[in-house]
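Residue numbers (the UniProt record's numbering): 1 to 627.
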């Protein structure tokens, strides 16, 4: 055991993050876009000479093995060589040991339902039924299946721990409601409150419910002539009929939906999907989640058992007898039920859940435990750390002036967001080399979503090449006057963000986005593909044309040959950055756990892995149970 207590671990984590200069540089102080534009170059500036000598002698895949998989105890015997080359410097070994030691454990033990007690359903090994898994890829099926098992077990344990049964599971930012659909189906039979700020996500999720046997298939009535006209127009744009029919189903979960311009009006109806055959239910609630306050949501929650007994003309009843689909069962009811005291849940006991909530949405979910008497517990899995706001200082964007000069955006970028990182008093008051409070800029938080343990040889070569090409293109932009060379004082003042962002004196960064696969055949094809795209920019295209159109194939090839050997250096730097960021993710997750531990109202709080890391790297759930 590395640590005798959680307190000792937190002390060590904060001490390392707060004082280690190399970690600060690798996670938040450098960006690959500036790899070839800085003087002195980043690699020489950041990496110690003895480390550079070692890296030069070894293959990048061997270096990745050393960082994450090699048994470091073998070096205690002081071998003369390692993998037909020099042994790692002692300072490198100590750094690797420290990162490994402070990174959170990610091993996952699957829950077998025949061995574990669940509150409902048969106690047998269960995988998602085909109709429930509709729309999910392999990764999503793994996440939903394992999280459903975990939540089923957790609700039973909470009932024993807090001596009260959970009546509803509230899904923060339900999106397409993959998780809720599975939990409401056999064998779990849960009652789900699906919160979503985007109406098109709710409509899309309800369409998926049809195939999950949670709702009848609705007859689509349309003006056929008008519909054919729209379809033909889409076809001219290269959108197939299949894609056209699915446009309303698209959408992602997250907290960054457009904020309502006016106060939300209390709804007078409950949108329900409920079965008469004993399966669970889903109640959709459109709600912009701006904090953890659910005072507008709780009064809308209905008691499904009462609804079943009091099904009246207020609720549209339909069957699938007329449906041609064999997947849709009989005796389902759906519709908008008028809310009144007869059907409202009198004393709901809520478990707030979320699967891969973006940014601050996890913070809102955690705080809901204290802000709402009805919330008994929370269990949330986060992601997209780059979307978290900053509590202790102005936000640092990946690129300067990344957002337009909109008054509201200017005010939020300079404010101390109370909903941001860190949540806990412990991290807010931690003493670091840069002062009071632990700060993580957006570059550090972006690195925290990397998963270098999952990098294989083929995919590593692919994205190393992409990073190399993009960094080298930035060098060309600088040489041709499209962007300016970063100055030392600018780099220091910009808190580690890349400075080579401006094009033609504009205020927007040069963002290429995705290019055709054929563009990555060589650096020549990459540059030509990038310029083809950039020249189409209606605002900056003329500047790119004036400064870049005259570049020849020979000149582009000379760039590649001149910097080819340094491509490995960039790969080493990126690998060190991604590996080191394991402790950054640990700090973010630990901060959420610490906040729960600091609250008098919280009885228990813990963090554990709920997925296989190889399938889903953001696999840590934060759980809090109220007294």
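Quick reminder that beta carbons are idealized off the backbone N, C-alpha and C, glycines included.
Which residues mark the beginning and the end of the alpha helix (DSSP H) in which residue i is found?
| i | result |
| --- | --- |
| residue 145 | 138-162 |
| residue 26 | 21-26 |
| residue 529 | 523-534 |
| residue 598 | 582-598 |
| residue 559 | 553-563 |
| residue 47 | No alpha helix (DSSP H) contains residue 47, which DSSP labels as neither H nor E. |
| residue 657 | Outside the displayed span of the chain (1 to 627) sits residue 657, for which this structure offers no information. |
| residue 62 | 60-68 |
| residue 290 | Run containing residue 290: none; DSSP gives neither H nor E here. |
| residue 75 | Looking at the DSSP string, residue 75 is not in any alpha helix (DSSP H), and its letter there is neither H nor E. |
| residue 417 | That residue, residue 417, is in no alpha helix (DSSP H); it is neither H nor E in DSSP. |
| residue 628 | What is shown of the chain runs 1 to 627, which leaves residue 628 out entirely. |
| residue 543 | 541-548 |
| residue 428 | 425-428 |
| residue 443 | 442-447 |
Count the other CB atoms within 10 Å of the CB of residue i; is the residue buried (16 or more) or exposed (fewer)?
| i | result |
| --- | --- |
| residue 343 | buried |
| residue 357 | buried |
| residue 596 | buried |
| residue 539 | exposed |
| residue 139 | exposed |
| residue 618 | buried |
| residue 220 | Here residue 220 scores only 39 on pLDDT, less than 50, and its place in the model is too uncertain to base an answer on. |
| residue 475 | buried |
| residue 422 | buried |
| residue 367 | buried |
| residue 416 | exposed |
| residue 13 | buried |
| residue 2 | exposed |
| residue 253 | Low per-residue confidence applies at residue 253: pLDDT is 42, beneath 50, and the placement is therefore not dependable enough to give any value. |
| residue 469 | buried |
Can you give me the start and stop residues for the beta strand (DSSP E) that residue i sits inside?
| i | result |
| --- | --- |
| residue 606 | 602-609 |
| residue 383 | 375-383 |
| residue 365 | That residue, residue 365, is in no beta strand (DSSP E); its alpha helix (DSSP H) goes 361-371. |
| residue 358 | 350-358 |
| residue 339 | Note, residue 339: premise wrong, no beta strand (DSSP E); not H, not E. |
| residue 283 | 281-286 |
| residue 192 | 191-196 |
| residue 41 | Residue 41 -> no beta strand (DSSP E), and no H or E assigned at all. |
| residue 624 | 620-626 |
| residue 169 | 168-171 |
Please tell me whether residue i and residue j are closer than 9 Å, where the distance is taken between their beta carbons.
| i | j | result |
| --- | --- | --- |
| residue 547 | residue 624 | no |
| residue 528 | residue 424 | no |
| residue 465 | residue 165 | no |
| residue 583 | residue 102 | yes |
| residue 291 | residue 108 | no |
| residue 666 | residue 353 | Residue 666 lies beyond the range of the chain shown here (1 to 627); nothing can be said about it. |
| residue 627 | residue 603 | yes |
| residue 555 | residue 523 | no |
| residue 194 | residue 174 | yes |
| residue 570 | residue 451 | no |
| residue 580 | residue 27 | yes |
| residue 361 | residue 378 | no |
| residue 129 | residue 144 | no |
| residue 280 | residue 192 | yes |
| residue 386 | residue 445 | yes |
Using alpha carbons as the reference points, say which of the options lies closest to residue i.
| i | options | result |
| --- | --- | --- |
| residue 189 | 282, 444, 392 and 164 | 282 |
| residue 286 | 152, 295, 355 and 196 | 196 |
| residue 393 | 428, 614 and 374 | 428 |
| residue 534 | 524, 549 and 14 | 549 |
| residue 457 | 586, 53 and 575 | 575 |
| residue 52 | 620, 579 and 573 | 573 |
| residue 301 | 477, 284, 293 and 100 | 284 |
| residue 359 | 48, 389 and 585 | 389 |
| residue 70 | 513, 586 and 96 | 96 |
| residue 600 | 512, 532, 5 and 370 | 370 |
| residue 612 | 462, 530, 141 and 11 | 141 |
| residue 11 | 432, 532 and 558 | 432 |
| residue 149 | 162, 186, 31 and 176 | 186 |
| residue 270 | 338, 293 and 98 | 338 |
| residue 609 | 7, 87 and 111 | 111 |
| residue 346 | 443, 168, 288 and 446 | 168 |
| residue 629 | 74, 355, 19 and 43 | In the structure as shown, the chain starts at 1 and stops at 627, and residue 629 therefore has no counterpart that could be examined. |
| residue 93 | 59, 84 and 78 | 78 |
Should the segment 63-73 be regarded as contacting the segment 32-48, the criterion being three or more beta carbon pairs within less than 8 Å? no
Inter-stretch contact at 8 Å, needing at least 3 Cβ pairs: the segment 375-383 / the segment 432-441: no
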